[in-house]
Amino acid sequence: MTLVDVRTPDPKRFIPGATGDWEVIVGLEVHAQVTSHSKLFSGASTTFGNAANANVSLVDAAMPGMLPVINEECVRQAVRTGLGLKAQINHRSIFDRKNYFYPDLPQGYQISQFKDPIVGEGTIVISLGPDRQGHFEDIEIGIERLHLEQDAGKSMHDQHPTMSYVDLNRSGVALMEIVSKPDMRSSDEAKAYMTKLRSIVRYLGTCDGNMDEGSMRADVNVSVRRPGAEFGTRCEIKNVNSIRFIGQAIEYEARRQIAILEDGGKIDQETRLFDPHKGETRSMRSKEDAHDYRYFPDPDLLPLEFDEAFVEALRVDLPELPDDKKERFVRDLGLSIYDASVLVSEKAIADYFEVVSAGRDGKAAANWVINDLLGALNKAGKGIEETPVSPAQLGGILDLIKSEVISGKLAKELFEIVFNEGGDPAEIVEARGMKQVTDTGAIEKAVDEIIAANPDQVEKVKAKPSLAGWFVGQVMKSTGGKANPQAVQALVKAKLGLED
Amino acid sequence: MTELTHLTIAEARDRLTARDITAVELTDAYLSAIDAANGALNAYVTVTPEKARAMAKASDERLAAGKAGALEGIPLGIKDLFGTEGVHTQACSHILDGFAPRYESTVTQNLWNDGAVMLGKLNMDEFAMGSSNESSYYGPVKNPWRATGSDADRVPGGSSGGSAAAVAAFLCAGATATDTGGSIRQPAAFTGTVGIKPTYGRCSRWGIVAFASSLDQAGPIARDVRDAAILLKSMASVDAKDTTSVNLPVPDYEKAIGQSLKGMKIGIPAEYRVEGMPEEIEALWRQGIAWLKDAGAEIVDISLPHTKYALPAYYIVAPAEASSNLARYDGVRYGLRVDGKDIADMYEQTRAAGFGQEVKRRIMIGTYVLSAGYYDAYYLRAQKVRTLIKRDFETAFHAGVDAILTPATPSSAFGIADQELAADPVKMYLNDIFTVTVNMAGLPGIAVPAGLDAKGLPLGLQLIGKPFEEETLFKTAHVIEQAAGRFTPPKWW
Amino acid sequence: MSVDLATVKRVAHLARIAVSEDDANRMTGELNAILGFVEQLGEVDVTGVEPMTSVTPMAMKKREDIVTDGSKADDIVANAPNSDRNFFLVPKVVE
Ligand SMILES: [Mg+2]
Ligand SMILES: [Zn+2]
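Protein sequence lines correspond, in order, to chains L, E and D.
Heads up: the first sequence is residues 1 to 500, going by the numbering used here.
Heads up: the second sequence is residues 501 to 993, going by the numbering used here.
Heads up: the third sequence is residues 994 to 1088, going by the numbering used here.
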């Protein structure tokens, strides 16, 4: 690919060195496991964590005479993902063989796409911020291509003193390799890109995005240069499997390269590994073996061809993607960009919010989801998938507030009860007598009692009306928090003859 | 008993159906013939007598029940390239040492489904790479044909040398074979048998050890044209497990036999008149033309201008694909393993010990032409030339030609361990000069015996057809067979 | 184009075939003979010609996304030179 610099150097992102400022250039090659029941070219299962070689067909084990037959769902998933990346869909693509020897590569080649991938150029918009002024910065990151390929098997090196154990369960599982352009200029941008890409594939349902199970992993290409200068020599950090590690690897690698260059050295183009325990990258020992992959079209497979109608059918079925959803939340529900961004960041959160906000006040729903629900989940160390409060339950709480059955303060208590103990909010309110008291007679009686019992305070308040809140608090306390606070305030002021 | 083995498949079928003979008798006759001859000919690398008798017994039961398949009780030999469940499948290579697959190739399964009986696995050039059957790990096969008055051993051709020799020597009623550059047609021509390579995509490649995926096709070798038609009908199928297998119904090829050639146009390509071709071959070709003309066909001169480039392009495409297809033989999952000091060394020692010289040579060429910086100059150019070769044929067919007649080989069978050929691989490769164009263009081609040369060795003619018009080839070849007669080697073994 | 001894050794290593000095020398001659033979393709004018990708023009068959295979680890390792609990064993690989 020809490298084009589409970014204007931005001092905010410069890394200061001993001899001046540096700019880091980052591009990612992300391997995303396609969501499918069976493998790319065989009928064996893609499930995770089975016994050795249980999910292996004769094709996956490269028995003599075995032939690949493509899984049509994997093709659809790749096209869907391409559409989600607003990318060029290639109606004709070719499967090539990438030839190399490795014990977890049974065929002696990986079936991949080299010259003619299924998806061409596209873009991902990442949003950085907010800054101190509350502004967001949207940056377009170019997608170079997306292609389909086979995953390899797994070798285990800790089972035997002299032998490695090879399991081919992963062998032949479909991967999408999504290659970005070298458009990122900081570790934060790279993390935002990975987060956004993961969110897009999850919205699309084309990859589960579970990085700790290896469903998504990134090869991170890092180089440094003087701001605005020609691109420098890059190093590729292989198979980084968490977003945090991507950030750490880039930070470490940029500083390593800067140190070498400032010492008058030069960067060797090489493949490196990130060690999460040490937070360092190190050279891979196997690199001396210069690779020559001898790509050529796989003669067992015909060109992959489909027409526009095939693409169109997938396009109309595409779910709403995070950017569109965010725009809609701001436009139709009047949410702030910040709130909308938080809500669309994960498909599961957005789905949750959509149920809660349906037919209710969007802003109130957003506040409750973001501040109360996500706050509580965060405190409990839980993800949205494990929420003990269902959207229907939270919606029920919102309805009780709206109809003034409970006060905002009681609602917080009610939420806590539902979060910890479960139950139907309306029933809980009923059973525990949490209903707000709006009956003026009852409130008046309580106010009178408090005033009568505290003559000293009455005098103080008359001298300093701002202390009236003390009476409001006492009345709320005596009514168990159920009195309507507005009504209490009005009555206290009236009885004590204070100006409104 | 011996004459039972001389029955054609069609004859045996009639007698089995009439319950005049039993499948077990027929199978036993072949097993005895193999016992008596294989030491001399080396056509079989494995004989499976128990399996054969069990299958024959089952055939007799089905015959008795009136549930006979199209090949019920017909004993066949299977080229060692076909995966046969639980039975020696080594592509006659040391690297597949001890390999017995847990699966059955689609083609052989089709044969068993039709009631055929397996006698054993047939010798071949290692991984189907060769034109003389001398590259087999199990040693060369001897051609049942010898020059008149000579007892010098000749090659049966290759790579399906075991198949051709076994059919010619009555060690099976018919055999499976495969053809990547001429491996069915050249040995058929060298042994006086009939061999057809069908259109690419007609027979499933599933379960057949791959040599060059875009060229490999299975087909039968048989004693006569009718038998070849009967066998191909059973072998061919549409297979969901092979992406390159074509979704077309399989015709009843036998019906084509005996049909008239009136109104047919036979093309004679100028470019097959190669320099240094023996006059006997020229004469045979002229004779073939005359027979077809007599049968009512119109003869037209055609030009296939890129013919000369087919063989060099083949020697890029086939080794390139092979170098990749044979990467799976690494000592990890099956076959030979030679231990080394580390994994890379294990690979290198295993492959050095497991592959023979011809296979290594082709892997080396294929690896080289695909390596960085050479792809465009070699592989890409060869695939473009291939497009031109195919276009030549299309032009001829568009102009109304129904089939093309050429010699099958540039010579008759040569001697085993021929010094000149052994010293120059390219000279050996020239054996495929007339057959390889057909693989490059994916077309069907049939070799049919047409006469003997001055030494008394068989010579064949080749007919090339349009894609999926194997029927045209059967009816035309049958006309030649009727005119030329059939050829049987004098028994010396 | 012709190959020298060093190229032959490099190619042999790429193909993972151990070669002795004698093998490499012999192969150099053989490979050059074959490369000399295929050289004639240079004469052909291939401008504007598409490389062949499938000899029979047809649409590629596709599979439905259903699990139809697997659960036969015994068959998978049945022919293995060295296996343990259905894993294939190879000399230890160092990264
Ligand atoms: Mg990569
Ligand atoms: Zn990849």
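Idealized CB from N, CA, C, for every residue including glycine.
In this text, all values refer to a predicted model and were calculated from it rather than measured experimentally.
Alpha carbon to alpha carbon, how far is residue j from residue i? Give it in angstroms, no decimals.
{"i": "Ile15 of chain L", "j": "Lys238 of chain L", "result": "23 Å"}
{"i": "Cys703 of chain E", "j": "Cys672 of chain E", "result": "21 Å"}
{"i": "Lys287 of chain L", "j": "Gln269 of chain L", "result": "Note on Lys287 of chain L: pLDDT 49, under 50, position unreliable in the model; no value is reported."}
{"i": "Leu58 of chain L", "j": "Asp151 of chain L", "result": "16 Å"}
{"i": "Pro640 of chain E", "j": "Leu826 of chain E", "result": "22 Å"}
{"i": "Tyr338 of chain L", "j": "Pro130 of chain L", "result": "7 Å"}
{"i": "Thr46 of chain L", "j": "Ser532 of chain E", "result": "51 Å"}
{"i": "Leu959 of chain E", "j": "Pro117 of chain L", "result": "49 Å"}
{"i": "Lys890 of chain E", "j": "Met940 of chain E", "result": "7 Å"}
{"i": "Ala44 of chain L", "j": "Asp307 of chain L", "result": "28 Å"}
{"i": "Met501 of chain E", "j": "Ala523 of chain E", "result": "Reliability fails at Met501 of chain E, whose pLDDT of 44 lies under 50, so the model's placement of it is uncertain and the value that follows must be treated cautiously. Using only the alpha carbons, I get a separation of about 13 Å."}
{"i": "Leu197 of chain L", "j": "Arg92 of chain L", "result": "25 Å"}
{"i": "Asp997 of chain D", "j": "Tyr637 of chain E", "result": "29 Å"}
Using a Cβ cut-off of 9 Å (strictly closer), state whether residue i contacts chain L.
{"i": "Ala994 of chain E", "result": "With chain E running from 501 to 993 in the structure shown, residue 994 of chain E is simply not present."}
{"i": "Leu596 of chain E", "result": "yes"}
{"i": "Val1086 of chain D", "result": "yes"}
{"i": "Ala1005 of chain D", "result": "no"}
{"i": "Lys741 of chain E", "result": "yes"}
{"i": "Asp830 of chain E", "result": "yes"}
{"i": "Thr1021 of chain D", "result": "no"}
With 9 Å as the threshold, decide whether the Cβ of residue i is near any Cβ in chain A.
{"i": "Asn1025 of chain D", "result": "In the displayed structure, chain A is absent; the protein chains listed are L, E and D."}
Check whether chain E comes within 9 Å of residue i, counting only Cβ atoms and requiring the distance to be less than that.
{"i": "Arg1056 of chain D", "result": "yes"}
{"i": "Ala1010 of chain D", "result": "The displayed chain sequence assigns Ile, not Ala, to residue 1010 of chain D. Yes, because at least one Cβ of chain E sits closer than 9 Å to the Cβ of Ile1010 of chain D."}
{"i": "Ile417 of chain L", "result": "no"}
{"i": "Asp1077 of chain D", "result": "no"}
{"i": "Ser1047 of chain D", "result": "yes"}
{"i": "Gln107 of chain L", "result": "yes"}
{"i": "Ala1071 of chain D", "result": "yes"}
Taking 8 Å as the line, does the beta carbon of residue i fall inside it for any heavy atom of ligand 3?
{"i": "Ser223 of chain L", "result": "Of the ligands this structure carries, namely ligand 1 and ligand 2, none is ligand 3."}
Would residue i pass as an interface residue toward chain D - the criterion being a Cβ-Cβ separation below 9 Å?
{"i": "Thr81 of chain L", "result": "no"}
{"i": "Thr744 of chain E", "result": "yes"}
{"i": "Thr887 of chain E", "result": "yes"}
{"i": "Gln849 of chain E", "result": "yes"}
{"i": "Val667 of chain E", "result": "no"}
{"i": "Cys207 of chain L", "result": "no"}
{"i": "Gln590 of chain E", "result": "no"}
For residue i, is the beta carbon positioned less than 8 Å from some heavy atom of ligand 2?
{"i": "Leu146 of chain L", "result": "no"}
{"i": "Leu40 of chain L", "result": "no"}
{"i": "Ser215 of chain L", "result": "no"}
{"i": "Ser508 of chain L", "result": "Outside the shown range of chain L (1 to 500) lies residue 508 of chain L, about which nothing can therefore be said."}
{"i": "His31 of chain L", "result": "yes"}
{"i": "Leu197 of chain L", "result": "no"}
{"i": "Ser112 of chain L", "result": "yes"}
{"i": "Leu175 of chain L", "result": "yes"}
{"i": "Glu236 of chain L", "result": "no"}
So residue i packs on residue j, CB below 8 Å; how close in whole Å?
{"i": "Leu952 of chain E", "j": "Pro907 of chain E", "result": "So it is not a contact: roughly 14 Å between Cβ atoms."}
{"i": "Ala1052 of chain D", "j": "Glu73 of chain L", "result": "Contact doesn't hold; Cβ gap of about 17 Å is too wide."}
{"i": "Glu249 of chain L", "j": "Thr281 of chain L", "result": "Reading off the sequence, residue 249 of chain L comes out as Ala, not Glu. So it is a contact: roughly 6 Å between Cβ atoms."}
{"i": "Thr1046 of chain D", "j": "Ile94 of chain L", "result": "7 Å"}
{"i": "Ala867 of chain E", "j": "Leu1028 of chain D", "result": "It is worth fixing the name first, because residue 867 of chain E is Thr in this sequence and not Ala. Between Leu1028 of chain D and Thr867 of chain E the Cβ distance is about 13 Å, and since that is not below 8 Å, they are no contact."}
### Message
I'd like to know if the segment 780–787 of chain E and the segment 740–759 of chain E are in contact, where contact means that at least 3 CB-CB pairs between them fall below 8 Å.
### Response
With the cut-off at 8 Å, the segment 780–787 of chain E and the segment 740–759 of chain E do not touch.
### Query
Is the segment 922–940 of chain E touching the segment 801–812 of chain E in the sense that three or more CB pairs, one from each, lie closer than 8 Å?
yes
### Task
Taking 8 Å as the threshold, find out whether the segment 676–696 of chain E comes into contact with the segment 936–946 of chain E through three or more Cβ pairs.
yes
### Query
Using 8 Å as the threshold, is the segment 574–584 of chain E in touch with the segment 617–626 of chain E, meaning 3 or more CB pairs across them?
Enough Cβ pairs lie closer than 8 Å, so yes.
### Query
Would the segment 831–841 of chain E and the segment 1067–1080 of chain D be scored as touching if the rule is three or more Cβ pairs under 8 Å?
yes
### Message
Check whether the segment 627–645 of chain E and the segment 654–661 of chain E touch, using three or more Cβ-Cβ pairs below 8 Å as the test.
### Response
Three or more beta-carbon pairs drawn from the segment 627–645 of chain E and the segment 654–661 of chain E are found closer than 8 Å, and the two stretches are therefore classed as touching.
### Message
Measuring CB atoms only, is the segment 30–46 of chain L touching the segment 1048–1067 of chain D, in the sense that at least three cross pairs come out at less than 8 Å?
### Response
yes
### Query
Pairing CB atoms from the segment 430–447 of chain L with CB atoms from the segment 385–398 of chain L, are three or more of them under 8 Å?
no
### Message
Taking contact to mean 3 or more Cβ pairs, one atom from each stretch, closer than 8 Å, check whether the segment 980–993 of chain E and the segment 698–714 of chain E are in contact.
### Response
no
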